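Anchor point for the sequence shown: position 115 equals 762 in our numbering, and the numbering is continuous, going up by one each time.
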Amino acid sequence: MSRAGTTGMPQRVDGMILFVDYNDVFRAPMAAALYTQKHGRRAYSAGVYAEEGAQLGDAIRPKQLRTHLARQLSASMLAKADEIWCVTAAIARHLTEEHPEASKKIHALPEISDPAGSGRDGYARCEQRIRRIVEEMP
């Protein structure tokens, strides 16, 4: 897990944790839910291109995300966040380029493939990958 272009895990910060994806319907909100569960600190999620209020379909939406509604990432979210964890290095690079003032708090998780189109089993595999990553976080 690294900041865009660097390696190593930052020291734990006791502030707002934000997970970022493109659409905020599965990877980022699942990471936030699992992080909150594992570490006892509230985490949030948002999407760079999220459609406000979007959700996964009922057939594939896991119980942890039953009430989750997608949120569009905003400059104020980035400003309030103490740590920003992106589900891909590409998203971390994009945010660093677009918001250089936040670059020191933007980090990339190990790559998490998008499970879209992979059915229930694909989402379950992705959830397990996210769980392993989150368990290693400070």
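Yeah, the Cβ is synthetic: ideal placement off N, Cα and C, and Gly gets one too. Quick caveat: nothing in here was measured; it's all calculated off a predicted structure.
- Nearest C-alpha to Arg689 among Ile664, Gly764, Ala749, Ile753: Ile664.
- Apart from the 5 residues on each side of it in sequence, Ile780 sits with its Cβ closer than 8 angstroms to the Cβ of Met648, Ala678, Leu756, Pro757, Ile759 in its chain, given in chain order.
- Put simply, the backbone Cα of Ala675 is about 11 angstroms away from that of Ile731.
- Counting only the Cα atoms, Glu774 lies some 15 angstroms from Met784.
- Residue ranges of uninterrupted beta strand (DSSP E) with 3 or more members, entirely inside the region 684-736 and ordered along the chain, are 690-694, 730-733.
- The beta-carbon separation of Arg718 and Ala693, rounded to 5 angstroms, stays under the 8 angstroms limit for a contact.
- When Gln702, Leu742, Ile707, Leu681 are compared, the shortest CA-CA separation from Leu725 is found for Leu742.
- One thing to note: Lys752 has its Cβ within 9 angstroms of the Cβ of Ala728.
- Of all alpha-carbon atoms in Ala706, Lys685, Gln684, Gln711, the one lying nearest the alpha-carbon of Ser765 is that of Ala706.
- Look at His754 here: in three-state DSSP terms it is strand.
- In its own chain, leaving out the 5 sequence neighbours on each side, no residue places its CB closer than 8 angstroms to the CB of Asp768.
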